[in-house]
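K.L.:
Below is the structure I would like to discuss, written out as structure tokens.
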Amino acid sequence: MPAALFVSDLHLCPTRPAIVRLFLDFLADQAMTADALYILGDMFDYWAGDDELADPDDPFAASIAGALKALGDRGTRLFFITGNRDFLAGDGFARATGMTPLEEPHLATIAGVPTLLLHGDTLCSDDTAYQEFRREVRRPAWREAFLARPLPERRAQIAALRARSEQAKLGKSAAIMDVNAGAVAELLRAYGYPRLIHGHTHRPGYHEHLVDTHLCQRWVLGDWYEKGSYLACDERGCATLPLLSTKL
Ligand code: MN
Numbered sequence: 593m594p595a596a597l598f599v600s601d602l603h604l605c606p607t608r609p610a611i612v613r614l615f616l617d618f619l620a621d622q623a624m625t626a627d628a629l630y631i632l633g634d635m636f637d638y639w640a641g642d643d644e645l646a647d648p649d650d651p652f653a654a655s656i657a658g659a660l661k662a663l664g665d666r667g668t669r670l671f672f673i674t675g676n677r678d679f680l681a682g683d684g685f686a687r688a689t690g691m692t693p694l695e696e697p698h699l700a701t702i703a704g705v706p707t708l709l710l711h712g713d714t715l716c717s718d719d720t721a722y723q724e725f726r727r728e729v730r731r732p733a734w735r736e737a738f739l740a741r742p743l744p745e746r747r748a749q750i751a752a753l754r755a756r757s758e759q760a761k762l763g764k765s766a767a768i769m770d771v772n773a774g775a776v777a778e779l780l781r782a783y784g785y786p787r788l789i790h791g792h793t794h795r796p797g798y799h800e801h802l803v804d805t806h807l808c809q810r811w812v813l814g815d816w817y818e819k820g821s822y823l824a825c826d827e828r829g830c831a832t833l834p835l836l837s838t839k840l
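In our numbering, the protein residues as written are 593 to 840.
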């Protein structure tokens, strides 16, 4: 049976052409023979609104969307969960890419195994300042007001927010920015002790959590800053696979 593939935290942007090329190659190669591709957030470095797709001065977003659409048309089923960088991706994004949006956390059956999918930022519950910010920007009223502004203004505001966030990160410990074990256990319990797949922390790895006598797997996806990678799951289990590029 062909595998389901998982990626997150690609942070695609025009200023990192090698990573964009690596992603497009991945779509044309490994993803083409997969049964399904799940993108679990932060595919784009930022997403100021679905009118990113219609910017005549910047075909970047539209070209990525087109590549995804072509992959879906060839038969790979495509799903996405938005992350903290691209949570403003909406119906226009889904239409242009042909991807099915999933509300997080999403419980899927992957090769017969109940598997819970999410971006991962909600698990970083020790970072209370971030969680407060997240609640604010996820309010429908905030979203509506923000999207009503002109695209250049939104991009500028996102850049300013990003600079503030990078500054704030300098004062946060590594532990605060990782997942909270209690939050992980609570989520696993609430969803019947599934396998868990998420990204966001940029700490790719495999963990096991013993929750109420259930041993649960937690797979953390890697980011694509320095190199690309993906998780492939089939009936034999999951494995993290690197993507090699001579251009990186
Ligand atoms: Mn993230």
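Glycine is no exception: its CB is placed at the ideal position from the N, C-alpha and C atoms.
Ignore the nearest five residues each way along the sequence and tell me which others in arginine 747's own chain have a CB closer than 6 Å to its CB.
P.N.:
If we look at arginine 747 and ignore the five residues flanking it on each side, its Cβ neighbours are Ala640.
K.L.:
Could you have a look at alanine 767 and say whether DSSP puts it in helix, strand or coil?
P.N.:
coil
K.L.:
Give me the residue from Leu602, Gln759, Gly658, Thr701 with the minimum Cα distance to alanine 596.
P.N.:
Thr701
K.L.:
So arginine 730 and aspartate 770 are in contact, right, with Cβ under 8 Å, and what is the actual spacing, rounded?
P.N.:
Incorrect: roughly 21 Å between the Cβ atoms, too far for contact.
K.L.:
Does at least one heavy atom of the ligand MN sit under 8 Å from the Cβ of glycine 675?
P.N.:
Set against 8 Å, the gap from the CB of glycine 675 to the closest heavy atom of the ligand MN is smaller.
K.L.:
Nearest CA to the CA of phenylalanine 678: which residue from Pro609, Arg754, Pro651?
P.N.:
The question names phenylalanine, yet the displayed sequence has aspartate at residue 678. The shortest Cα separation from aspartate 678 among Pro609, Arg754, Pro651 belongs to Arg754.
K.L.:
Quick check on tyrosine 817: buried or exposed, where buried means 16 or more other Cβ atoms within 10 Å of its Cβ?
P.N.:
exposed
K.L.:
Look up threonine 832 in the DSSP assignment and give the residues it is bridged to.
P.N.:
Leu823
K.L.:
Does the separation of the CB atoms of histidine 792 and histidine 711 fall below 9 Å?
P.N.:
For histidine 792 and histidine 711, yes; Cβs fall inside 9 Å.
K.L.:
Tell me whether glutamate 644 is buried or exposed, calling it buried when 16 or more other Cβ atoms sit within 10 Å of its Cβ.
P.N.:
Buried: at least 16 other Cβ atoms inside 10 Å.
K.L.:
Contact between the region 625-634 and the region 732-750: three or more CB pairs below 8 Å?
P.N.:
no
K.L.:
Among Pro609, Thr805, Ser655, which has the Cα closest to the Cα of arginine 781?
P.N.:
When only C-alpha atoms are compared, the closest one is Thr805.
K.L.:
According to the neighbour-count rule (16 or more other Cβ atoms, all chains shown, within 10 Å of its Cβ), is arginine 787 buried or exposed?
P.N.:
Buried, since its Cβ has 16 or more Cβ neighbours within 10 Å.
K.L.:
Touch check for the region 815-835 and the region 655-671: three-plus C-beta pairs under 8 Å?
P.N.:
no
K.L.:
Closer than 8 Å by C-beta to lysine 761: which residues in its own chain qualify, once you throw out the five before and the five after it? Chain order, please.
P.N.:
Met769
K.L.:
With distances taken from CA atoms, which of Ala737, Leu680, Phe685, Leu670 is nearest isoleucine 631?
P.N.:
Leu670
K.L.:
Considering glutamine 749, what are the terminal residues of the alpha helix (DSSP H) in which it resides?
P.N.:
743-762
K.L.:
Grab me the residues of asparagine 772's own chain with a C-beta within less than 8 Å of its C-beta, minus the 5 sequence neighbours each way, in chain order.
P.N.:
Leu715, Cys716, Ser717, Asp718
K.L.:
Would you check whether the ligand MN has a heavy atom nearer than 8 Å to the C-beta of aspartate 634?
P.N.:
yes
K.L.:
Bridge partners of tryptophan 811, per DSSP?
P.N.:
Ile789, Tyr798
K.L.:
Does at least one heavy atom of the ligand MN sit under 8 Å from the Cβ of aspartate 719?
P.N.:
no
K.L.:
Helix, strand or coil for arginine 669 per DSSP?
P.N.:
strand
K.L.:
Are the Cβ atoms of alanine 657 and phenylalanine 685 separated by less than 9 Å?
P.N.:
yes
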